[in-house]
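A.B. asks: Residue numbers (our numbering): 1102 to 1693.
(1) Tell me which residues share the same chain as residue 1523 and place their Cβ nearer than 7 Å to its Cβ, disregarding the 5 neighbours each side in the sequence.
(2) For residue 1534, which option in 1129, 1518, 1566 has the closest C-alpha, if you only look at C-alpha atoms?
(3) Using only the heavy atoms of the ligand HEM, determine whether one of them is closer than 6 Å to the beta carbon of residue 1591.
(4) Just how far apart, CA to CA, sit residue 1651 and residue 1454?
(5) Could you pull the DSSP bridge partners for residue 1281 from this structure?
(6) Report the three-state DSSP secondary structure of residue 1137 (helix, strand or coil).
(7) Return the chain-ordered list of same chain residues with a C-beta closer than 6 Å to the C-beta of residue 1436, the five sequence neighbours on each side being excluded.
(8) Under 8 Å: do the segment 1605-1623 and the segment 1135-1143 share three or more Cβ pairs, one atom per stretch?
(9) Ordered along the chain, which non-local residues of its own chain (more than five positions away) have a Cβ less than 8 Å from that of residue 1464?
(10) Please report the distance separating the alpha-carbon of residue 1362 from that of residue 1336.
(11) Roughly how many whole angstroms lie between the Cα atoms of residue 1275 and residue 1215?
(12) Return yes when the Cβ of residue 1383 is within less than 7 Å of the Cβ of residue 1398, no when it is not.
(13) Give the range of the alpha helix (DSSP H) segment to which residue 1151 is assigned.
(14) Reducing DSSP to helix, strand and coil, say where residue 1343 ends up.
(15) Measuring only the C-alpha atoms, how far is residue 1673 from residue 1137?
(16) Between residue 1244 and residue 1116, which are expected to be in contact by the criterion C-beta below 8 Å, what is the C-beta distance as a whole number of angstroms?
(17) Is it a yes or a no for the segment 1405-1420 touching the segment 1298-1309, going by three-plus beta-carbon pairs under 8 Å?
(18) Return the chain-ordered list of same chain residues with a C-beta closer than 8 Å to the C-beta of residue 1641, the five sequence neighbours on each side being excluded.
(19) Decide if residue 1269 is buried, meaning its Cβ has at least 16 other Cβ atoms within 10 Å, or exposed.
(20) Which residue comes first and which comes last in the alpha helix (DSSP H) that contains residue 1655?
(21) Can you check which of these residues, 1339, 1411, 1150, 1388, is closest to residue 1429 by C-alpha distance?
(22) Can you grab the Cα-Cα spacing for the pair residue 1590 / residue 1506, in whole Å?
(23) Roughly how many whole angstroms lie between the Cα atoms of residue 1423 and residue 1131?
(24) State the start and end residues of the unbroken beta strand (DSSP E) segment that holds residue 1191.
(25) With distances taken from CA atoms, which of 1359, 1583, 1491 is nearest residue 1538?
(26) Output yes if chain D places a C-beta closer than 7 Å to the C-beta of residue 1381; else output no.
(27) Apart from the five residues on each side of it in sequence, which residues of its chain come closer than 6 Å, Cβ to Cβ, to residue 1290?
(28) DSSP three-state label for residue 1105, please.
(29) Under DSSP, the alpha helix (DSSP H) around residue 1293 begins and ends at which residues?
(30) Just to confirm the assignment, what range does the beta strand (DSSP E) spanning residue 1378 have?
(31) Residue 1157 lies in the alpha helix (DSSP H); which residues open and close that run?
(32) Would you identify the three-state DSSP class for residue 1176, choosing helix, strand or coil?
(33) Give the straight-line distance between the Cα atoms of residue 1316 and residue 1448, rounded to the nearest whole angstrom.
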């Protein structure tokens, strides 16, 4: 029993299968993760070490070389590169393609680094992390004519509030200088209490605070410190105990020094609209949705800015929350209770998610236009029932593709949507071929059930071969290695999934529907359709399409060498335009 024969004989089962594909596809279509680009496996690790106040040459000899020697012999590391500066060392480790689990490799390298002996005592804890490209989703500028401390405090408060929102796990502040607390030690008090400068430094370090440098200011010794733990202020450090006396009295830091808050002395300056600013950047974490993050941030800022709510209604928002989407209505209601303060301004910018939304909109518009064109063209050339079921096949193919993407862990990104746009005009071809052949048999008087089986069987293998050639053109992209391979893999995955689902729909689902085609009645030997609309359609095909096509075809066949030469000339011209730079080539398009 052939596949079309099974389909026609088990039409109820086939229809149930179609409904399952449509239902699951609709659910997965709204739960698929959306992002700018697909996530790729990191192939680089970075080892960083801080050796405060030491010249680059000494950092290299005492720290960098030791790290390189420890990791160079490990299997799975292709290349080791290092950069050193004053008080700091960076070592980049490039992993080989044979490394299957980056986390296991990370732990092996960490074990080797932790086992290092005889490092200088002043070297801070050596850190190891993956080098992963991170694209920001959206940013908020916190700006105004306020002191740097006010802007910094406002941006930190905003960061803490954003991290409480659903779907947001990483927020960074850019354009701000690190806090520093200046401790001006009074020499007369040192003599009075018989305290050394080293005792003061030890007391400060005991509070998880790093002494980043020291300098003399007049008759006083001044040192700048920065916190390594929770945020500290000069007022909180004043009560650090420098020494406990035998009689129970304690000498506090404020007894021997004057403390003041400040910032690291750098040339860093951030401006937005010409005013001092702090940039609050929201990143997408692993398994988070870029479009959702953008929507949540926009809703939050709109609520605290007093702008009207523009998201889905309360009922729709709660329904989306039931399938894992953030409840935008609830976010707005909670955020509007606490408006932004009037002394600082907040402005959204650099919304990367709009590129994803734009590509989704393009795909939706193309799909809608494709459905309309399929309905019009097949209804014009064949029959409205054939047109309808071919258009339904396009929807089934897309829903099935979304289900496959979800099962294989793919996401909705620029690459996968590009693949869907590519196959948009291809996946309906097999349904058109089968539908046309079945309709031809019905026109010849074959009963619809028999015509559905016979027509599908006749073109089944040509259709399979045609789809297979397209699959074969995209399959080699799976074999690209490295981060580029991870980046490109979703393109062939989506294309092959869409073509496979469309082939399944054309061979299994479509014949079960075409078995219900009505008989086509003809009158007389001329074969001219009896109905008025059909008569008009036949006249249109003969006079508007067939006659001009026949005339052009006769000219091309009569001047066949000229025709072939013209086609080859166009190919050479196209290649020359690409080689000459008239048509630009780049891997990823520039984005505004």
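Glycine included, C-beta positions come from ideal geometry on N, C-alpha and C.
C.D. replies: So, to answer that:
(1) Excluding residues within five positions, the ones whose Cβ falls inside 7 Å are 1596.
(2) Minimum Cα distance to residue 1534 is reached at 1566.
(3) Because no ligand of any kind appears in the structure shown, any question about the ligand HEM cannot be addressed here.
(4) Residue 1651 and residue 1454: Cα-Cα distance of roughly 50 Å.
(5) As computed with DSSP, residue 1281 is found in a beta bridge with 1363.
(6) Correct three-state label for residue 1137: coil.
(7) The beta carbon of residue 1436 lies closer than 6 Å to those of 1401, 1404, 1405 in the same chain, with the five residues before and after it left out.
(8) No, because fewer than three Cβ pairs between the segment 1605-1623 and the segment 1135-1143 fall closer than 8 Å, the two stretches do not touch.
(9) Once the five neighbours on either side are set aside, the close Cβ partners of residue 1464 are 1518, 1521, 1522, 1525.
(10) A direct Cα-Cα distance of roughly 9 Å separates residue 1362 from residue 1336.
(11) C-alpha separation (whole angstroms): 32 Å.
(12) Yes, they are a contact pair.
(13) Per DSSP, residue 1151 lies in no alpha helix (DSSP H); the unbroken beta strand (DSSP E) holding it starts and ends at 1145-1151.
(14) Here DSSP, grouped into helix, strand and coil, assigns residue 1343 to strand.
(15) So the alpha carbons of these two residues sit roughly 36 Å apart.
(16) Rounded, the Cβ-Cβ distance is 60 Å, inconsistent with contact.
(17) The segment 1405-1420 vs the segment 1298-1309: no contact.
(18) If the five residues before and after residue 1641 are omitted, its C-beta is found closer than 8 Å to the C-beta atoms of 1481, all from its own chain and listed in chain order.
(19) Burial call: buried.
(20) Annotation for residue 1655: the continuous alpha helix (DSSP H) segment containing it runs 1648-1659.
(21) Looking from the CA of residue 1429, the closest CA among 1339, 1411, 1150, 1388 belongs to 1411.
(22) Counting only the Cα atoms, residue 1506 lies some 12 Å from residue 1590.
(23) When rounded, the distance between both Cα atoms is 12 Å.
(24) First-last of the beta strand (DSSP E) with residue 1191: 1189-1196.
(25) Ranking 1359, 1583, 1491 by CA distance to the CA of residue 1538 puts 1491 first.
(26) Within the model displayed, chain D is absent; a lone protein chain is all it includes.
(27) So the qualifying residues of the chain are 1357.
(28) It is helical.
(29) Start and end: 1288-1294.
(30) The continuous beta strand (DSSP E) containing residue 1378 extends over residues 1376-1384.
(31) That run of the alpha helix (DSSP H) goes 1157-1160.
(32) Residue 1176 falls in the coil class under three-state DSSP.
(33) Low per-residue confidence applies at residue 1316: pLDDT is 42, beneath 50, and the placement is therefore not dependable enough to give any value.
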